[in-house]
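These notes are about the structure you will find just below.
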Amino acid sequence: MRTKLAAGNWKMNGLKADLAEVETLVANHPAPLCDVLLCPPATLISAMAQIAGASLDVGAQDCHMKGSGAHTGDISAAMIADAGGSHAIVGHSERRADHHESDVLVRAKAEAAIEGGLIAVVCVGETEAQRDAGETLTIIGNQLKGSLPDHATAANCVVAYEPVWAIGTGRTPMLEQIAEVHDFMRNALVKRFGAEGDGMRLLYGGSVKPSNATEIFAVSNVDGALVGGASLKAADFGAIIAALDAA
Ligand code: 13P
5 MRTKLAAGNW
15 KMNGLKADLA
25 EVETLVANHP
35 APLCDVLLCP
45 PATLISAMAQ
55 IAGASLDVGA
65 QDCHMKGSGA
75 HTGDISAAMI
85 ADAGGSHAIV
95 GHSERRADHH
105 ESDVLVRAKA
115 EAAIEGGLIA
125 VVCVGETEAQ
135 RDAGETLTII
145 GNQLKGSLPD
155 HATAANCVVA
165 YEPVWAIGTG
175 RTPMLEQIAE
185 VHDFMRNALV
195 KRFGAEGDGM
205 RLLYGGSVKP
215 SNATEIFAVS
225 NVDGALVGGA
235 SLKAADFGAI
245 IAALDAA
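Residues in the sequence shown are numbered from 5 upward in steps of one, following the working numbering.
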């Protein structure tokens, strides 16, 4: 059985004052059945990890491929772990677009995260133009092939399917479309990694909110969600955690 995972990505949002939301979340959901992860901006990892205690895990939104050195503005896996982080998102579509990150780079970052003892949350997803052109499964297959390290396991890797056109737009794919991609990803992972691929958690991301979480969590091979906007507020993210616990 795969332990379900509710993951939040705060993106470039959150100041110290917003940690009050995490205090509320922990108070209201001290011992969820599912795993819970929040990835704040790097500036808040340490403070959030102290609030999180054993109730939730804290992670970073990116991780440099090298351990240290002359890389202004970047942070390494060791730094994330040192701050109290246990996960690193890599290959988010915003970084693939804004920072021109390729599958090769994403894979190197995932390798660095894993070697540093972190769990890599590797993101994939098609653009709207790619979906309209009927290329979705080809794109997802190529991104999985290119972005996942060969030594990825169920314990050190999570995959998040985030259709680019569903992120921050309030639009979500039809449930059949989510199922199609998640079933496809599961098959591809089992083919490549065997039992480890069967154990890897597959998250859906893109406009997940309390009102659609239950139906999305009922979809085949959806083991949780990677939530953006709705992870910023304890009430919304708490409702998503509750929906996942009930799934
Ligand atoms: P939204 O939930 O705001 O659409 O963001 C999804 C996302 O990109 C999470 O990584």
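Beta carbons are placed, not taken as given, at the ideal position from N, Cα and C, and that holds for glycine.
query                                                                                                : result
Cβ distance (whole Å) where V108 is taken to contact G73 below 8 angstroms                           : Not a contact, Cβ separation roughly 19 angstroms.
Beta-carbon spacing of G201, K8 below 8 angstroms                                                    : no
heavy atom of ligand 3 below 7 angstroms from E219 C-beta                                            : Only ligand 1 can be found as ligands here, which leaves ligand 3 out of the picture.
Rounded distance between the beta-carbons of S50 and A101, thought under 8 angstroms                 : With a Cβ gap of about 28 angstroms, A101 and S50 do not count as contacting.
Proximity test, H96 beta-carbon vs ligand 1 heavy atom, cut-off 7 angstroms                          : yes
For A164: DSSP bridge partner residues                                                               : C127 and L207
I123 Cβ short of 7 angstroms to ligand 1 heavy atom set                                              : no
Stretch pair the segment 16-27 + the segment 232-241: three plus CB contacts closer than 8 angstroms : yes
Proximity winner among T218, A183, V223 and A164, relative to Y208 (alpha-carbon distances)          : A164
Start-to-end residues for the beta strand (DSSP E) that takes in L9                                  : L9 to N13
F221 to L42 span [Cα, whole Å]                                                                       : 19 angstroms
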